[in-house]
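Peer 1: Handing you this structure, nothing more for now.
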Amino acid sequence: MGLDHIAAYDGVIVAKMIFDKQMIDAAKNLKIISTYGVGFDHVDTEYAKEKGIVVLNCPESVLRPTAELALTMILASARRLRYYDHTLREGVFLNADEYDNQGYAIEGKTLGILGMGRIGQQVARFAKALGMKIIYHNRHQLDEKLEAELDAKYVDFADLIKNADFLSLLCSFNRLKLTTLLMLMRLNK
Numbered sequence: 046m047g048l049d050h051i052a053a054y055d056g057v058i059v060a061k062m063i064f065d066k067q068m069i070d071a072a073k074n075l076k077i078i079s080t081y082g083v084g085f086d087h088v089d090t091e092y093a094k095e096k097g098i099v100v101l102n103c104p105e106s107v108l109r110p111t112a113e114l115a116l117t118m119i120l121a122s123a124r125r126l127r128y129y130d131h132t133l134r135e136g137v138f139l140n141a142d143e144y145d146n147q148g149y150a151i152e153g154k155t156l157g158i159l160g161m162g163r164i165g166q167q168v169a170r171f172a173k174a175l176g177m178k179i180i181y182h183n184r185h186q187l188d189e190k191l192e193a194e195l196d197a198k199y200v201d202f203a204d205l206i207k208n209a210d211f212l213s214l215l216c217s218f219n220r221l222k223l224t225t226l227l228m229l230m231r232l233n234k
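What follows is the structure, encoded as structure tokens:
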């Protein structure tokens, strides 16, 4: 089918579809590209800029849902949800002694947040409401007022890995960055 069908469009909204140089060139009338969500990884933003095309995102659309998902994963981990879900689905009925280890409460536990952007800040708000201690590492330390509001303490990467009971990765990654991060975490733990 080719790319002729996009030649007439003035604007496009893309989720994860790759919008590269070839696509941009095919969209002769394009004036705006909007991504559904935060990231621009799938759009050649530099080339779009060269062509005078505005590239926008919709960060608010995923802010709260992403933070809620991060919190859900923390709670599921603390309460051993995967284990109990698996035993139930397999028809394994646990005796009373096996229910003694239903995980633990997150109140008083330390949440480490790597990447304290808007999503990280929302996760911190949720965690604070549940009584967690919050430490974070970010490219730049937050201002004192925001740190006080979130009750969050800035730490270096090694301390984040060493002191967090839970770690929430809320920064952009590519495969190389993620592999490097995982290796560093292993060395620091």
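All you need for the numbering used here is the position in the sequence shown, starting with 1, plus 45. We put the CB at the ideal spot given by N, CA and C, even for glycine. Since we're looking at a predicted model, the values are computed, not measured.
1. Taking its Cβ as the centre, do 16 or more other Cβ atoms sit within 10 Å of LEU205, making it buried, or is it exposed?
2. Does the Cβ-Cβ distance between LEU195 and ILE179 come in under 8 angstroms?
3. Does the region 55-68 come into contact with the region 85-92, if we say contact requires no fewer than three beta-carbon pairs (one atom in each stretch) closer than 8 angstroms?
4. For my contact list, LEU214 and LEU126 are in at a C-beta cut-off of 8 angstroms; report their separation, rounded to the angstrom.
5. Using alpha carbons as the reference points, say which of ASN183, ILE58, LEU139 lies closest to SER217.
6. Is MET46 helix, strand or coil when you go by DSSP?
7. What would DSSP say about ALA197, mapped onto helix, strand or coil?
8. Please list, in chain order, all residues of the same chain as GLY82 whose beta carbon is under 8 angstroms from its beta carbon, the five residues on each side excluded.
9. Helix, strand or coil for GLY165, going by three-state DSSP, please let me know.
10. Out of VAL137, MET161, ARG231, LYS96, which has the shortest C-alpha to C-alpha gap to GLN186?
11. Buried or exposed for GLN237, going by 16 or more other Cβ atoms inside 10 Å?
12. Count the other CB atoms within 10 Å of the CB of VAL57; is the residue buried (16 or more) or exposed (fewer)?
13. Which of helix, strand or coil does DSSP assign to CYS208?
14. When you compare only the Cα positions, how much space is there between GLY148 and LEU75?
15. Among the residues of its own chain, which have a CB less than 6 angstroms from the CB of THR111, if the five just before and after it don't count?
Peer 2: Per the coordinate set shown:
1. By the beta-carbon neighbour count (other beta carbons within 10 angstroms, threshold 16), LEU205 is buried.
2. yes
3. yes
4. With 8 angstroms as the limit, LEU214 and LEU126 do not qualify as a contact, their Cβ atoms being about 19 angstroms apart.
5. ASN183
6. Residue confidence is low: MET46 scores 43 on pLDDT, short of 50, so the model does not pin down where it sits. Its coordinate-derived value is still stated next. If DSSP states are grouped into helix, strand and coil, MET46 belongs with coil.
7. strand
8. Closer than 8 angstroms at Cβ, skipping near neighbours: ALA60, ASN102, CYS103, PRO104, SER106, VAL107.
9. helix
10. MET161
11. In this structure the chain extends from 46 to 234, so residue 237 is not present and cannot be described.
12. buried
13. According to the sequence provided, residue 208 is Asn. The question's Cys does not apply to it. Helix, per DSSP.
14. So the two alpha carbons sit approximately 53 angstroms from each other.
15. ILE164
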